[in-house]
Amino acid sequence: SRTGGMWAHSMVTPQRTSREAVARFQVRGRAMVNQIPDLIDILRDVLLTVNLDNQDRFLQMVLEEKAGEEAGLIPGGHSVVGLRLRSQFDEAAWVTEQMEGVTYLFFLRELAERIESDWEGVLAQLRAVKDHIVQRSTLLVNATMPDTDRAQLEPHLARLIEALPAGDGKLATWTPAYRSVHEGLTLPAQVNYVGKGMNLYDAGYTLHGSVGVITRTLRNGYLWDRVRVQGGAYGAFCSFDHFSGLVSFGSYRDPNLADTLAVYDGAGDYLKGLELNDDELTKGIIGAIGELDAYQLPDAKGYTSMVRNLIGVDDDYRQKMRDEVLATTAKDFRVFGEAISALAGSGRVVVLGSKDGIEAANLEREEVLEVVPVL
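The sequence shown begins at 8 in the numbering used here and counts up by one.
Okay, here's the thing in structure tokens:
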């Protein structure tokens, strides 16, 4: 093998100091030092010589992608719901949902029809996307290696960069069409994936590193007991996005719907009345620190460094979060509990499940779920 692997993907994430998304198309690869010329040659071929004018092959790829997305709905239902929920609040999540979520699946279905009815139009769009993405003026290169090996990379890399078209340097802009609705995504299934969330910054919450300890406690205690053990779901989750301010709850392969939402709504009262002993609090702090300082191999360290630079996360910010995690007290739990008490009245709901189950829930709920057939 000439390399240790190569792959392409999109990266879309919020910034620490802005509500605007950082969006990058990335081509990544690994190689030993003596394989650098091969790696660069393959990168050049991928970026510059791709043949887009193959209607049959492209249709096959789209149909395979569509089938994969449909097949992944049930095993990955919690991810589908989580992304759909976040897309109502955050530009980065909205963009990601367009490219990876339910909206993407709907797009693939339309695209498969267009390939057969309007191939020239599709081809023109493919070429326009390629020309917009592959350009020297917006290029960012990140390489992770011993400093002694840089001299062997730089001349090959310089030739690749020179070969790229200069481009106009214009970055894409979006006007997200946020859907402020409660949604019921329907498909043939015997279980549900139940999500609910809200923006805590809009509700007045100020970020504090203790949130990592608190959400971990919710996942491993309250949600585990109420949604998984008592409710019979296969899993239950809670997360908080430091940048967007979104707190979100979700369940996995859940036989319930309304009961699970009631558990989410009760999380604030649970935290306000929670009494942790020193051992329990220490365990939560250790777990949260472990998530902040997870072990990484060299390639992951280099990539993470690049991402942090793009989104505005520096060492001072990380140290501040670490110090606040270590200083977590019972008061922090109560403050967060007060903030998420608004979830019951202000949170948005997204559920993936059967049509009958969602329609039955609508008969019992004040917050009616807008039914969206998916399968």
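All C-beta atoms, glycine included, are put in the ideal place defined by N, C-alpha and C. In this text, all values refer to a predicted model and were calculated from it rather than measured experimentally.
Rounded to whole angstroms, the separation of the alpha carbons of Glu117 and Gln105 is 14 angstroms.
Rounded to the nearest angstrom, the gap between the Cα atoms of Ala78 and Ile122 is 22 angstroms. Beta bridge pairing from DSSP links Trp14 with Arg35. Counting the other CB atoms within 10 Å of its CB gives Asn41 a total below 16, which places it among the exposed residues. The straight-line gap separating the alpha-carbon atoms of Ile140 and Pro183 is approximately 20 angstroms. Around the beta-carbon of Lys308, fewer than 16 other beta-carbon atoms lie within 10 Å, marking it exposed. Taking every protein chain shown into account, the CB of Tyr302 has fewer than 16 other CB atoms within 10 angstroms, so this residue is exposed.
Below 8 angstroms, enough C-beta pairs join the segment 241–251 and the segment 206–226 to call them touching: three or more.
Taking 9 angstroms as the cut-off, the Cβ atoms of Glu71 and Gly191 do not count as close. Leaving aside the five residues that flank Glu373 on each side, none in its chain has a CB nearer than 8 angstroms to its CB. The same chain holds no residue with a CB closer than 8 angstroms to that of Met68 once the five nearest residues on each side in sequence are set aside. Spanning the alpha carbons of Pro172 and Glu161 requires a straight line of approximately 19 angstroms. CA-to-CA, the gap between Leu304 and Leu50 works out to about 23 angstroms. Taking a contact to require three or more Cβ pairs closer than 8 angstroms, the segment 260–275 and the segment 325–336 do not qualify as touching. Around the beta-carbon of Glu282, fewer than 16 other beta-carbon atoms lie within 10 Å, marking it exposed.
Counting along the chain, Phe256 sits inside the beta strand (DSSP E) bounded by residues 253–259. For the pair Val356 and Lys203, the CB atoms are nearer than the 9 angstroms cut-off. If you ignore the 5 residues before and after Leu92, its C-beta comes within less than 7 angstroms of the C-beta of Gly202, Gly204, Ser255, Arg355, Val357, all in its own chain and listed in chain order. For Ser348, the closest alpha carbon among the candidates Ser251, Asn227, Gly273 is that of Gly273. For Leu147, the closest alpha carbon among the candidates Gln326, Leu317, Leu359 is that of Leu317. Distance between Ser251 and Asp209, taken at the CA atoms: about 10 angstroms. Secondary structure remark: continuous alpha helix (DSSP H) runs of at least 4 residues inside the segment 224–290, in chain order: 265–272, 274–279. Closest in alpha carbon position to Pro82, among Gly294, Lys290, Asp261, is Asp261. By the Cβ-count criterion, Leu382 is exposed, with fewer than 16 other Cβ atoms from all chains shown falling within 10 Å of its own Cβ. Less than 9 angstroms divides the Cβ of Gly360 from the Cβ of Tyr200. Annotation: the continuous beta strand (DSSP E) that includes Glu377 extends over 377–380.
From the listed residues Ala243, Ala28, Ala135, the smallest Cα separation to Ser17 is found for Ala28.
Fully enclosed alpha helix (DSSP H) runs of no fewer than 4 residues occupy 84–93, 98–107 of the segment 79–118, in order along the chain. If you draw a straight line from the Cα of Gly36 to the Cα of Ala240, it comes to about 39 angstroms. Taken in chain order, the unbroken stretches of alpha helix (DSSP H) that lie wholly in the segment 19–71 and span 4 residues or more are 43–55.
Using a Cβ distance threshold of 9 angstroms, Phe343 and Tyr185 do not count as a contacting pair. Shown here for Gly128: not one same chain residue has a beta carbon closer than 6 angstroms to its own, the five before and five after excluded. With a minimum length of 3 residues, the unbroken runs of beta strand (DSSP E) contained wholly in the segment 139–212 fall at 190–193, 200–206. Residue environment: Pro21 is assigned as buried (16 or more neighbouring CB atoms within 10 Å of its CB, all protein chains considered).
Residue pairing by DSSP places Arg355 opposite Gly204 in a beta bridge.
A Cβ-Cβ separation of about 7 angstroms places Lys73 in contact with Leu112 under the 8 angstroms criterion.
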